Structures are given as C-alpha cells and as structure tokens.
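See structure below.
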Amino acid sequence: MRQYIDLFTEHEALLRENSPSFMNGMRQKALKDFASNGFPSLKDEDYRHTDVAKAFAPDYGLNLQRIKIPVNPFEAFGCDVPNLSTQLFFMVNDSFYEDYTPKVSLPEGVYAGGFRRFADLYPEVAARYYGSLADTAQDSITAINTMFAQDGFVLYVGHDVKVERSFQLVNIFHSEVDIMANRRMLIIMEPRSAAKLLVCDHTMDSVNCLATQVIEIFADEGAYFDYYDLEESTVDTSRFSSLYVRQQAHSNVLVNGITLVNGLTRNNYRITLEGEDAETMLCGMSVLDGSQQVDVYSHITHQAPKCRSNELFKNVLNDNSTGVFSGRILVCEGAQKTEAYQSNRNMCMTSEARMYGKPQLEIYTDDVKCSHGMTTGQIDEQALFYMQSRGVSRDEARRMLSVAFTADVIDNVRLDALKNRLHYLVDKRFRGELVHCADCRCKKCS
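Start counting the sequence shown at 4; every next residue gets the next number (my numbering).
Laid out in structure tokens, this is it:
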C-alpha cells in the first residue's frame, strides 16, 4: 500500500501534466480514500478469497510519462469474427491509440475515442460525468485507478441517435517488463439512444501484467446499451475491474462478461436502477483450469418501481482453479412491482476445484417478484453413461455437456456474429486448444 502512496506523491505533477484536466480533480480525494482504507484484506467479507495486497505487491512498471509503445495494433491484431464489422479502437496498456487510426464515420452527435480529444470537444460533459459513479471511498481499487489513470476510452451517443454498427475496443498489454495499466472507460447514452460495445482483453508478451479498470455507464431515459467483455489474456495477467451503471426510466442495459483465459480476475458490478420501468440483464461465465481464479461481486439496487433485473453467472472449474460469486440484490422502499432474479450455477470437474458462493436478497417493500439461488456440483455421471452407451467417448461427452452448460450465457448476447463466434471459442477452449478470437499476428502467437 505504502509504495503506491509514495509513488503518487512523488509523481503527482507528472500525472497531472500528462492527463486531461477533468481527470485531475478527483486525484486528491482518491488518495485520501486509499490512504484511509488501504487494500481490502482477506478478513473483509467481500474479499475473503482474493488476496489483493499480494496481487499488487510486485514492483510493476507504470508508464507515467506516456512514452509511446512501439506497436501498431492495427497490424498486430486482425479480428476474424465473421460478419462482425465493428468500428475498431485500441488501448495499448492504458493509453488510447491514435496513430495510424483509420477514419471512422460516426453519426452526428456521436463520439468514440480517447479522453484527450473528448475533453477538447465536450469539456463540460466530461467534467460532469467522469468519476460521478465510481466511488473511491467505497472501493480501494477504484481509488488507486483514479489516482493513476491518465487516459481512457469514451463512447458518447446523443439524443435519439441509434448506432447500428457496433463498437469494439481492444485492450492490449504490450511490454518487455512487468507492467501495471490503469484503464478507464466512460459510456454516456443520452435519452432514446442505442449502441453496442464489445471490449476484448489480450496480452502480447510473457511478462507479469496487472490491470485496474473502471467503467462508468450512464443510460438515460429510454436508452438501450449492450456491453460485452471478453477476456482472453494469459495466466500471467491479473485484472481488477469495477463496472458502474446508472439507469433512468425505460432504459435497457445488458452486461455480459466472459473469461476464457486469465490468471486472476476480480470483477465488481454495481448497478443502480433509478428510473421507473428500467431493465438490466447481468450475466457472465468463466472456463477455468490450472490455478486460475475468477472472483465476481455484484450489487444491483432497485430504487424505482416496475424495474426488472435478471442475473446469471456460470463457471466451469478444472484442476485447482477457484471461482467466487457474491451477489446482492437490494430492493429499496417504494420500489413496488420489482422483478429481480439471481442465479449462480457452477460445475466442478475435479475434486480439487473450489467454488465459493453467497447469493443475497434484501427487500424493503412489498408487491415484488424476487428469487435467488446457487448450485454447485460435478458433471452428471448418468448423462455421461448415456452418451457413452451411444458411442460417444467419455472425453467428448464431458466436453459436450460442458459446452451445453454454458450455452445460455452466450445465448444472451444480442449480436449474432459475436454469439456464433463465442460458441465456437468456448467449444475450442473445452478441447484444450489455445484459440484466440483474432487472427493474431503478434509476437506471442506467431
């Protein structure tokens, strides 16, 4: 903890100099919150199974001077998802990549790009929204990200604008030494707007990488937004991600996070439904083996009447891997006719795999429909026997049952090309084949 406080204090002037001005107003408060709270410990109820201090203990390098990384991601990365045809952007470590960027034709009233240009074009909007959801007093990882983040990606969609072509942001880790990146995303959906964003994580080099990531999503009245998160990094990569969503009346937000390759992942989801008749779908899945770990914490707050939330997380765990799920649904007083459903389903393929779960409901009103549940078990031996009796090998039967187990998470994807590709990738992942969703031409994969 001390090393990060000292690093910030020593280099605060450099951080401010190399950042848009709207990011700097939050830094001192974040420092005070981090110094006061420190890293979560294993004694904290919400972090009992993830040693945060250990993950942050190594001496990672940070690119505070904003030195340009010698890589052209448009040459290193070629997405081969059939018919996806996204509007493509890149973050290299934690800097928005602007060199050699193909010109993207966006509808009027839409901005997609880096923080710096957004600050020039929409200074008041940037200052109003940045950091207003990400509470540094509540979460120390958000605090440390706010202290050190210098750049990020913004998607801003104006009133009544519906963007048909999906956006894609690729986060690339590229370094010759162990490195820490502090990524930031800001999504602003104004009334009756619509858009979809796919975010992919990739690591190019065999070094230890640590990412903190804060995503703030504002869905105004009648807005429609999809956020897809595909993590395909390496076992040497640790990621701590905090996603915040605020929804107004009649808005619809889908968040779907899929982890196929990782080292240690902690995903925090905090979603607040503030306006009547808002709807949220939060789902995710992971395929884990070795000593990989995915820790999911979710908190959905229903503040207004007639809102709906549906939450589904699934994990398939092999070897000595670990899964954690802690989900809380809070229905506030006055939020009548709430519909809230939470489900966590897990399959342990070995006796050494571990899954820890804690689903929670907290309700302060009547006239609601709410449920929550969790199941953890092993693969169905009767189903295996039946399939083997029909000539299917035991290994192939295990793979087929695993693929079927995760299918409903992928089926929630509202982007057909991506949905089809994810089914293919998950199948290959269960076969033990290292397949990337990109026709990758980077050094690590060549």
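For every residue, glycine included, the Cβ atom is placed at its ideal position computed from N, Cα and C.
All values derive from a computational prediction rather than experimental measurement.
### Query
Roughly how many angstroms lie between the CA atoms of E20 and V371, to the nearest whole one?
Between E20 and V371, the C-alpha separation is close to 51 Å.
### Query
So, using beta-carbon positions, are R357 and G380 closer together than 9 Å?
no
#### Entry: beta strand (DSSP E) runs wholly inside the region 205–261, at least 3 long, in chain order
212–222, 227–235 and 240–250
### Query
By Cβ distance below 6 Å, which residues in the same chain neighbour A152 in space, the five residues on each side in sequence not counted?
N185 and R187
### Query
Start and end of the alpha helix (DSSP H) containing I72?
Neither: I72 is in no alpha helix (DSSP H) and is coded neither H nor E.
### Message
My output table needs one value for I382: the three-state DSSP class, helix, strand or coil.
### Response
coil
### Task
Starting from E282, follow its DSSP beta bridges and name the residues at the other end.
N255 and R311
### Inter-residue CB distance, D181 and Y63 (contact presumed, cutoff 8 Å)
Yes, they are in contact, since the Cβ atoms of D181 and Y63 sit about 5 Å apart, within 8 Å.
### Task
Pick out whichever of G161, D229 and A214 has its Cα sitting closest to the Cα of N270.
A214
### 6 Å Cβ shell around L425 - same chain, five flanking residues per side excluded
I413
#### Entry: Where F388 falls: helix, strand or coil (DSSP)
DSSP places F388 in helix when its eight states are reduced to three.
### Query
What residue from G435, S88 and Q363 has the CA that sits closest to I332's CA?
Q363
#### Entry: Residue span of the alpha helix (DSSP H) that contains K165, given as start and end
Where K165 is concerned, there is no enclosing alpha helix (DSSP H), given that its DSSP letter is neither H nor E.
### Task
Take D232 and list the residues in its own chain whose beta-carbon comes closer than 6 Å to its own, dropping the five residues that flank it on each side.
Residues of the same chain with a CB within less than 6 Å of the CB of D232, apart from the 5 flanking positions on each side, are V202 and G260 in chain order.
### Task
Within the same chain, show all residues whose beta-carbon is closer than 6 Å to that of G278, passing over the 5 residues directly before and after it, in chain order.
Q251, A252 and A307
#### Entry: Length at least 3, wholly inside the region 90–124: the beta strand (DSSP E) runs in chain order
Runs found: 90–95 and 113–117.
### Query
How many whole angstroms separate the CB atoms of L189 and Y133, which I take to be in contact at a CB cut-off of 8 Å?
6 Å
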